[in-house]
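Chains as they are written, first to last, in the numbering used here: chain H, 1 to 357; chain R, 358 to 714. Have a look at the structure below, then the notes.
2 protein chains.
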Amino acid sequence: MSKVHNFSAGPGILPLEVLKESSEACINFDNMNLSLLEISHRSKNYVAVMDEARALVKELFEVGDEYEVLFLGGGASMQFAMVPYNLLTDKGYAAYLNTGVWASKAIKESKIIGNTKVIASSEDKNFSYIPKGYEIPNDADYFHITSNNTIYGTQLKSFPKCEVPLVCDMSSDLFSRKVNAKDFTLIYAGAQKNIGPAGSTMVMVKKDALGKTGRKMLSMLDYQVHIKGESMYNTPPVFPVYVTMLTLRWLKKNGGIAWIERLNQEKADLLYNEIDRNSLFYGTTAKEDRSNMNVCFLPTKTELEAEFDKLWKSANIDGIRGHRDVGGYRASIYNAMPIESVKVLVDVMKDFESKFV
Amino acid sequence: MSKVHNFSAGPGILPLEVLKESSEACINFDNMNLSLLEISHRSKNYVAVMDEARALVKELFEVGDEYEVLFLGGGASMQFAMVPYNLLTDKGYAAYLNTGVWASKAIKESKIIGNTKVIASSEDKNFSYIPKGYEIPNDADYFHITSNNTIYGTQLKSFPKCEVPLVCDMSSDLFSRKVNAKDFTLIYAGAQKNIGPAGSTMVMVKKDALGKTGRKMLSMLDYQVHIKGESMYNTPPVFPVYVTMLTLRWLKKNGGIAWIERLNQEKADLLYNEIDRNSLFYGTTAKEDRSNMNVCFLPTKTELEAEFDKLWKSANIDGIRGHRDVGGYRASIYNAMPIESVKVLVDVMKDFESKFV
Chain H
1 MSKVHNFSAG
11 PGILPLEVLK
21 ESSEACINFD
31 NMNLSLLEIS
41 HRSKNYVAVM
51 DEARALVKEL
61 FEVGDEYEVL
71 FLGGGASMQF
81 AMVPYNLLTD
91 KGYAAYLNTG
101 VWASKAIKES
111 KIIGNTKVIA
121 SSEDKNFSYI
131 PKGYEIPNDA
141 DYFHITSNNT
151 IYGTQLKSFP
161 KCEVPLVCDM
171 SSDLFSRKVN
181 AKDFTLIYAG
191 AQKNIGPAGS
201 TMVMVKKDAL
211 GKTGRKMLSM
221 LDYQVHIKGE
231 SMYNTPPVFP
241 VYVTMLTLRW
251 LKKNGGIAWI
261 ERLNQEKADL
271 LYNEIDRNSL
281 FYGTTAKEDR
291 SNMNVCFLPT
301 KTELEAEFDK
311 LWKSANIDGI
321 RGHRDVGGYR
331 ASIYNAMPIE
341 SVKVLVDVMK
351 DFESKFV
Chain R
358 MSKVHNFSAG
368 PGILPLEVLK
378 ESSEACINFD
388 NMNLSLLEIS
398 HRSKNYVAVM
408 DEARALVKEL
418 FEVGDEYEVL
428 FLGGGASMQF
438 AMVPYNLLTD
448 KGYAAYLNTG
458 VWASKAIKES
468 KIIGNTKVIA
478 SSEDKNFSYI
488 PKGYEIPNDA
498 DYFHITSNNT
508 IYGTQLKSFP
518 KCEVPLVCDM
528 SSDLFSRKVN
538 AKDFTLIYAG
548 AQKNIGPAGS
558 TMVMVKKDAL
568 GKTGRKMLSM
578 LDYQVHIKGE
588 SMYNTPPVFP
598 VYVTMLTLRW
608 LKKNGGIAWI
618 ERLNQEKADL
628 LYNEIDRNSL
638 FYGTTAKEDR
648 SNMNVCFLPT
658 KTELEAEFDK
668 LWKSANIDGI
678 RGHRDVGGYR
688 ASIYNAMPIE
698 SVKVLVDVMK
708 DFESKFV
């Protein structure tokens with residue numbers, strides 16, 4: 001029974017040792033003779049898990065106590081609402097960069113809460129590039145960006161400097177590369193693409209940005225309530241946070257951000273080089289905006305698609321169907337994806353060309 | 358290594374076979390050679406899990422297609438907000454029964470959204486009984502009750518008949534006994550007390566009650582959005598829903614609600630009889646309102662408490678410390694608690710009396 005090469009766009013691949021440890025915790029967590037699925041989140045063993053997960057985020061981001069880290073339920077989609085709910089004032093407005101479906105959804109929620117302006121968009125070319133040269137207004141309540149766009153395979157290669165609070169949805173490339181976290185007021189990410197399983201969302205927020213809207217707030221949507229409760233205002237998603245903690249621990253142990261950034265670059269180079277070299281494929285995004293997490297490519301001869309499908313399936317590859325908005329193929333090569341699996345895919349692409357050209 | 362007798366109030370005990378199957382799914386789910394933690398929630402194997410979980414709720418509740426079932430993140434605390442957000446109109450008001458801390462929290466959120474009246478409360482006696490003889494107004498938008506109060510060990514033994522939509526937080530006694538689900542417009546429950554692990558909340562709602570507030574709604578707080586998305590508007594809490602599905606499957610396979618209600622009654626009788634018989638303990642709640650899920654009791658001689666603690670600890674019992682609002686002891690005997698564990702506790706109580714009286 002050989003392991004499948006899992007190129008799923010998300011929920012995505014996790015390190016094998018994390019999966020094993022998670023499996024064990026379902027039976028006997030922390031030598032308590034109890035399953036992690038049936039213990040109190042207030043037990044000292046679990047409080048230690050939550051504390052470690054929160055501390056690891058701050059350590060990997062190299063930030064101090066001006067930031068707080070939360071792990072919340074509801075997914076990044078809940079953050080689309082919570083960000084404006086917590087930061088957008090009655091008289092102010094929010095500024096957004098529209099780089100795809102997920103950014104559009106964030107914009108939609110912000111508009112329900114208050115004034116919202118889209119500063120730049122790449123919708124004109126089906127989000128196949130990242131807008132550049134736009135001006136960020138200096139009177140907005142915040143500026144919201146999406147660092148990586150899973151569907152289209154685009155990624156912001158640098159982050160805008162701006163005078164207003166910078167908010168970023170990093171769901172699909174969190175901790176995949178070095179970022180200067182102190183340039184951000186708020187960073188959030190659904191765990192399930194790069195740092196854990198579905199069911200838990202990481203929020204890191206600068207405390208002094210909160211409490212300024214004057215809005216009377218529902219408790220569960222109020223970051224300050226969750227901060228006060230040390231990310232346990234109510235029962236947290238116990239198991240998903242545990243698996244996330246293990247994944248962050250794995251990242252740190254193996255060399256942290258510097259290590260993973262190098263590895264991710266190597267994997268991305270390998271795959272993009274093959275796409276550019278291979279006459280049967282082409283990339284779908286502007287080269288300078290190519291994502292190191294989600295590699296999208298189309299076949300030059302669509303009539304051969306079924307043949308290529310046979311080849312990758314027989315190589316035990318899974319999850320590389322492109323999103324319906326782009327078509328073709330998408331290989332998601334998140335942190336936990338070993339370079340060996342990328343090599344298997346590249347070999348299949350070469351094999352395909354040698355057979356049909 | 359013997360299993361601990363887990364009387365934790367929540368997250369609470371789960372069936373051993375569910376824990377084993379969950380553990381296996383972390384490595385190889387559904388013979389996919391992939392972990393459940395790293396597969397797409399849109400894969401057919403996982404869609405089948407979500408469908409089965411939703412169908413099992415309807416089957417166990419014996420309701421038809423006028424109801425929809427959702428599994429959402431955020432916990433019951435999020436439902437405290439979503440219920441009024443979806444049901445409370447601008448000109449109307451919500452009616453609540455206050456039977457404890459959790460009911461009070463639900464009331465607090467409702468008040469943020471609109472007019473809210475508390476119809477009856479047992480706060481005068483630290484919520485040690487269930488209010489009776491109150492009148493439910495027939496012009497309220499809905500009437501909200503909490504069926505079981507974990508902290509105090511009280512339970513509604515029958516449900517009020519009312520003309521307005523009845524909404525119930527069943528977090529701590531869902532599927533522990535027969536209820537006439539068709540009398541309710543909305544039932545919700547955090548999974549982690551009786552039907553699964555933390556991280557997923559069950560909502561069952563009558564479709565025709567929705568869409569009447571005229572409120573412009575945030576997508577993630579809108580039941581209709583989640584219904585349209587078949588409980589996958591966004592990435593659901595994949596693993597928690599799976600474990601919940603397994604627990605519901607276990608319940609059905611073993612005889613369903615009729616079986617578990619009988620077993621739960623037997624366990625509760627065993628324990629309450631001992632509390633009433635044993636000169637070193639007394640119950641804390643009105644007898645007619647005693648919960649069959651959370652059994653609260655205090656020592657008659659507090660100076661002997663440390664001695665009792667030694668006894669139950671040496672019997673491998675865990676999680677029976679009372680909540681700080683009540684003190685003493687609380688034995689939570691949820692569905693998955695075997696009667697053998699209750700017998701162990703009763704034996705320890707008898708042993709304690711024989712040693713110190």
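No residue lacks a Cβ here, since even glycine has one placed at the ideal position from N, Cα and C. Quick caveat, the model's predicted, so the values are computed rather than measured.
Within chain R, the residues that residue i reaches when beta carbons sit closer than 7 Å
i, result
"Met232/H", "Those do not exist, as Met232/H stays about 10 Å from chain R at its closest Cβ, beyond 7 Å."
"Leu218/H", "Ala438, Glu466 and Ile469"
"Val243/H", "Leu394"
"Ser332/H", "By Cβ distance, chain R contributes nothing, its closest Cβ being about 10 Å from Ser332/H, past 7 Å."
"Ser22/H", "Cys383 and Leu394"
DSSP beta-bridge partners of residue i
i, result
"Asp318/H", "Asn6/H"
"Met50/H", "For Met50/H, which the question treats as bridged, DSSP gives no partner whatsoever."
"Lys206/H", "Tyr67/H"
"Cys525/R", "Ile502/R and Ile544/R"
"Asn455/R", "Ser478/R"
"Leu429/R", "Thr558/R"
"Tyr282/H", "Leu298/H"
Contact set between residue i and chain H, taken where Cβ atoms lie within less than 7 Å
i, result
"Leu376/R", "Cys26, Ile27, Ser35 and Leu37"
"Asn363/R", "Leu34 and Glu38"
"Gly676/R", "Ser40"
"Ser515/R", "By Cβ distance, chain H contributes nothing, its closest Cβ being about 28 Å from Ser515/R, past 7 Å."
Cross-chain neighbours of residue i in chain H, by beta carbon under 8 Å
i, result
"Lys360/R", "Asn33"
"Ala405/R", "In chain order: nothing, as chain H lies at least about 16 Å away."
"Pro597/R", "Gly199, Pro237, Phe239 and Pro240"
Backbone secondary structure at residue i - three-state DSSP
i, result
"Ser332/H", "strand"
"Ile13/H", "coil"
"Phe418/R", "helix"
"Ser43/H", "coil"
"Asn86/H", "helix"
"His226/H", "helix"
"Asp325/H", "coil"
"Arg215/H", "coil"
"Asn651/R", "strand"
"Ile470/R", "helix"
"Leu248/H", "helix"
"Gly153/H", "coil"
"Tyr486/R", "coil"
"Val344/H", "helix"
Nearest-angstrom Cβ-Cβ length linking residue i and residue j, presumed shorter than 8 Å
i, j, result
"Asn692/R", "Phe516/R", "With 8 Å as the limit, Asn692/R and Phe516/R do not qualify as a contact, their Cβ atoms being about 20 Å apart."
"Pro554/R", "Phe239/H", "6 Å"
"Glu466/R", "Ser219/H", "6 Å"
"Leu444/R", "Ser35/H", "With a Cβ gap of about 36 Å, Leu444/R and Ser35/H do not count as contacting."
"Val348/H", "Ala315/H", "5 Å"
"Gly106/H", "His144/H", "According to the sequence displayed, residue 106/H carries Ala and not Gly. At roughly 6 Å, the Cβ-Cβ gap stays under 8 Å, so Ala106/H and His144/H are in contact."
"Gln407/H", "Asp173/H", "Residue 407/H lies beyond the residue range present for chain H, which begins at 1 and ends at 357; the question has no answer from this structure."
"Ser171/H", "Gly73/H", "Actually they are not in contact, since the Cβ atoms of Ser171/H and Gly73/H sit about 15 Å apart, beyond 8 Å."
"Leu270/H", "Thr300/H", "About 20 Å; that fails the 8 Å criterion."
"Leu166/H", "Val83/H", "Between Val83/H and Leu166/H the Cβ distance is about 12 Å, and since that is not below 8 Å, they are no contact."
"Val295/H", "Arg321/H", "Not quite, the Cβ-Cβ distance comes to about 13 Å (not below 8 Å), so this is no contact."
"Pro368/R", "Glu38/H", "6 Å"
"Ser291/H", "Gly153/H", "5 Å"
8 Å Cβ cut-off: residues of chain R touching residue i
i, result
"Ile13/H", "Glu395"
Listed by chain order, chain A residues near residue i by CB distance under 8 Å
i, result
"His41/H", "Within the model displayed, chain A is absent; protein chains H and R are what it includes."
Contact set between residue i and chain H, taken where Cβ atoms lie within less than 9 Å
i, result
"Gly586/R", "Those do not exist, as Gly586/R stays about 10 Å from chain H at its closest Cβ, beyond 9 Å."
Contact set between the stretch 89–109 of chain H and chain R, restricted to residues whose Cβ is under 8 Å from the partner = Lys105, Lys108 and Glu109
Quick one: which residues of the stretch 53–87 of chain H get their C-beta closer than 7 Å to a C-beta of chain R? List them in chain order.
-> Gly73, Gly74, Gly75, Ser77, Met78 and Ala81
Using a Cβ-Cβ cut-off of less than 7 Å, list which residues of the stretch 178–207 of chain H approach chain R; keep chain order.
-> Gly190, Gln192, Pro197, Ala198 and Gly199
Note down, in chain order, all residues in the stretch 126–154 of chain H with a beta-carbon under 7 Å from any beta-carbon belonging to chain R.
-> none
Give, in chain order, every residue of the stretch 262–295 of chain H whose Cβ lies closer than 8 Å to some Cβ of chain R.
-> none
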